[in-house]
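A quick write-up on the structure given underneath.
Protein chains in written order, with the UniProt record's numbering: chain W, 1 to 92; chain Y, 1 to 109.
This is the structure:
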């Protein structure tokens, strides 16, 4: 399974999202010091009821927790958008 | 003082503190660059630690706030977030408010 598939799997299990997108942004960062570690840069967009009533920090922490050791072994940088279905409708 | 105590002192002594890769004038990571740019645009004094210059803090910080990545922005001792949250708050105007309050509180104290 590729890294992207593993990230998707874990997030899908943890949040039962109505929308989930995972992109590899490694190409934007080639040659940068962080890229040299072999870990990747990714962007995730998750829309889930699980984030209702939670602060931005709490939402991001949940995402990091769901990814567990992948944050140390596979992921160098992660851009996160974590919204509820209601928020996603409002802001597109 | 061990690294965790040092972090606690840094975020308590400085109402606005960013842990970043590089310095505000010479950031060494795109995420740190964007976050510090938002801070600068708020026109308030802030403190920073270049985590590349303090290996112990670099290692201890993810445990300190249960947050695995950099940059990390702290306001009044509390983790506000990383790059995405800092930029979201800046764009909604909340960051400016939050930082001005933190500076005013510090002066009043």
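Glycine included, each C-beta is placed from N, C-alpha and C at the ideal position.
Beta carbon of residue 57(Y) nearer than 9 Å to that of residue 15(Y) = Taking the first residue of the second chain as 1, we reach residue 57(Y) at position 57. Taking the first residue of the second chain as 1, we reach residue 15(Y) at position 15. Not in contact: residue 57(Y) and residue 15(Y) (Cβ atoms no closer than 9 Å).
message: With a threshold of 9 Å between beta-carbons, can residue 17(W) be considered close to chain Y, or not?
response: Position 17 of the first chain holds residue 17(W). Taking Cβ atoms only, chain Y never reaches closer than 9 Å to residue 17(W), which makes this a no.
Exercise for review: Would you kindly work out how many angstroms separate the C-alpha atoms of residue 30(Y) and residue 6(W), rounded to a whole number?
Suggested key: Position 30 of the second chain, counted from the first residue, corresponds to residue 30(Y). Position 6 of the first chain, counted from the first residue, corresponds to residue 6(W). Distance between the alpha carbons of residue 30(Y) and residue 6(W) is about 25 Å.
Rounding to the nearest angstrom, what Cα-Cα distance links residue 77(W) and residue 86(W) in this structure? Reading the first chain from its first residue, position 77 is the one you call residue 77(W). Reading the first chain from its first residue, position 86 is the one you call residue 86(W). For residue 77(W) and residue 86(W), the distance between alpha carbons rounds to 27 Å.
*Rounded separation between residue 53(W) and residue 87(Y) - CA only*: In the first chain, residue 53(W) corresponds to position 53, counting from 1. In the second chain, residue 87(Y) corresponds to position 87, counting from 1. Going by the C-alpha atoms only, they are around 20 Å apart.
Continuous beta strand (DSSP E) stretch holding residue 81(Y): start and end
Numbered from its first residue, the second chain carries residue 81(Y) at position 81. Unbroken beta strand (DSSP E) run through residue 81(Y): 78-81.
Taking contact to mean at least 3 C-beta pairs separated by less than 8 Å, is the segment 43-50 of chain W in contact with the segment 5-21 of chain W? yes
- Item | residue 82(W) vs residue 13(W) beta-carbon contact at 9 Å | Numbered from 1 along the first chain, position 82 holds the residue referred to as residue 82(W). Numbered from 1 along the first chain, position 13 holds the residue referred to as residue 13(W). Not in contact: residue 82(W) and residue 13(W) (Cβ atoms no closer than 9 Å).
**Reference residue 39(Y), options 93(Y), 104(Y), 108(Y), 109(Y), closest by Cα** = Counting from 1 along the second chain, the entry for residue 39(Y) is found at position 39. Out of 93(Y), 104(Y), 108(Y), 109(Y), 93(Y) has the C-alpha closest to the C-alpha of residue 39(Y).
- Query: Between the C-alpha atoms of residue 17(Y) and residue 9(W), what's the straight-line distance to the nearest angstrom?
  - Reply: Taking the second chain and counting its residues from 1, one reaches residue 17(Y) at position 17. Taking the first chain and counting its residues from 1, one reaches residue 9(W) at position 9. The alpha-carbon atoms of residue 17(Y) and residue 9(W) are separated by roughly 35 Å.
**Asked** Mind pulling the alpha helix (DSSP H) runs of 4 or more residues that sit fully within the UniProt domain "Glutaredoxin" (16-80) of chain Y?
**Response** 30-41, 55-64
By Cβ distance below 6 Å, which residues in the same chain neighbour residue 68(Y) in space, the five residues on each side in sequence not counted?
Counting from one through the second chain, the residue named residue 68(Y) turns up at place 68. So the list reads 62, once near-sequence residues are dropped.
* Asked: When you compare only the Cα positions, how much space is there between residue 50(W) and residue 10(Y)?
  -> Working through the first chain from its first residue, we reach residue 50(W) at position 50. Working through the second chain from its first residue, we reach residue 10(Y) at position 10. Cα to Cα, residue 50(W) sits roughly 33 Å from residue 10(Y).
query = Under three-state DSSP, which class holds residue 91(Y)?
reply = Stepping through the second chain from its first residue, residue 91(Y) is reached at position 91. Here residue 91(Y) sits in helix by DSSP.
Exercise. Under 9 Å, do residue 20(Y) and residue 48(Y) count as touching if we go by C-beta distance?
Worked result: Position 20 of the second chain holds residue 20(Y). Position 48 of the second chain holds residue 48(Y). For residue 20(Y) and residue 48(Y), yes; Cβs fall inside 9 Å.
Boundaries (first-last residue) of the beta strand (DSSP E) holding residue 5(Y)
Within the second chain, residue 5(Y) is the residue found at index 5, counting from 1. Run containing residue 5(Y): none in the beta strand (DSSP E); it sits in the alpha helix (DSSP H), 3-13.
| message | 9 Å is my cut-off, CB to CB: does residue 7(Y) come that close to chain W? | response | Residue numbering aside, residue 7(Y) sits at position 7 when the second chain is read from its first letter. Not closer than 9 Å to any Cβ of chain W, the Cβ of residue 7(Y) fails to qualify, so no.
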